[in-house]
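Here the structure comes first, spelled out in structure tokens, and everything after it is commentary.
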Amino acid sequence: LAKTTQPISMDSYEGQEVNITCSHNNIATNDYITWYQQFPSQGPRFIIQGYKTKVTNEVASLFIPADRKSSTLSLPRVSLSDTAVYYCLVYNSGNTPLVFGKGTRLSVIA
Amino acid sequence: GAGVSQSPRYKVAKRGQDVALRCDPISGHVSLFWYQQALGQGPEFLTYFQNEAQLDKSGLPSDRFFAERPEGSVSTLKIQRTQQEDSAVYLCASSLEGGGRTGEYGYTFGSGTRLTVV
């Protein structure tokens, strides 16, 4: 599986747009990119996933350039409740369970 | 149920004691996963079931760890002769799809069981 690298932590003020970039230089052709969010004392929660270009849902947008060696999770207008750890994962569409890294700890400040 | 339910929520065990952690996945979900999460770290894969079959147990740290899902729904993770390094949050997740695939909606995780070995 492709190794992912993302910042350990980020700070943001309320109302700002937050972009968390993840690099996955060794991504394979049949790999997908997925992001999870984890609040304290809870399990991770699926946010978004994609293969290429742009994916948007009610929570976030995911931007994936043509070479797919990186991806950016974009959170519009964050609030204090978006303070959490965000995990970028690359997974094979075959039979491999998800492998988590350490994630990015986002702190939203009032 | 509406989500993945894990019990107990908290467990304190004396070193050497056996523990059993329960996971009730979302009804109809084919795949079930157990993860271990140490403080400040990401979840680490332990084992995976497709229905009642345990297809991957490569992440179980020792033969003291045992998991089962006898009827393809509820799963139990058992840890024998607990040690201090077993202290962690144990997370269960389920997925509608088989084969470890995440499908359109990803894995649904429970809130975990926090195990403290003293």
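Residue numbers (our numbering), protein chains in the order written: chain A, 39 to 148; chain B, 485 to 602. Yeah, the Cβ is synthetic: ideal placement off N, Cα and C, and Gly gets one too.
query                                                                                                           : result
Cα-Cα separation between F517 of chain B and C507 of chain B, rounded to whole angstroms                        : 10 Å
Close Cβ partners of T42 of chain A (< 8 Å) along its chain, the five nearest in sequence each way excluded     : C60, S61, H62, C126, L127, V128, G139
Proximity below 8 Å, CB of V116 of chain A to CB of T142 of chain A                                             : no
Below-8 Å beta-carbon distance, G141 of chain A vs any chain B residue                                          : yes
Beta carbon proximity, L136 of chain A to chain D, threshold 8 Å                                                : Given the protein chain composition of this structure (A and B), no chain D is represented.
Residue interval of the beta strand (DSSP E) (run including I563 of chain B)                                    : 559-563
Burial state of Q567 of chain B (16 or more Cβ within 10 Å)                                                     : exposed
Within the segment 44-71 of chain A, ranges of the beta strand (DSSP E) (whole runs, at least 3 residues)       : 47-51, 56-61
Cβ neighbours of P114 of chain A in the same chain (closer than 6 Å, five flanking residues each side left out) : E55
Residue nearest to D105 of chain A in terms of C-alpha spacing, selected from A:P82, A:Q76, A:D120, A:I71       : A:I71
Neighbour list for D540 of chain B in chain A, Cβ cutoff strictly below 7 Å                                     : P135
7 Å Cβ shell around R548 of chain B - same chain, five flanking residues per side excluded                      : I563, Q564, R565
Terminal residues of the beta strand (DSSP E) in which S489 of chain B lies                                     : 489-491
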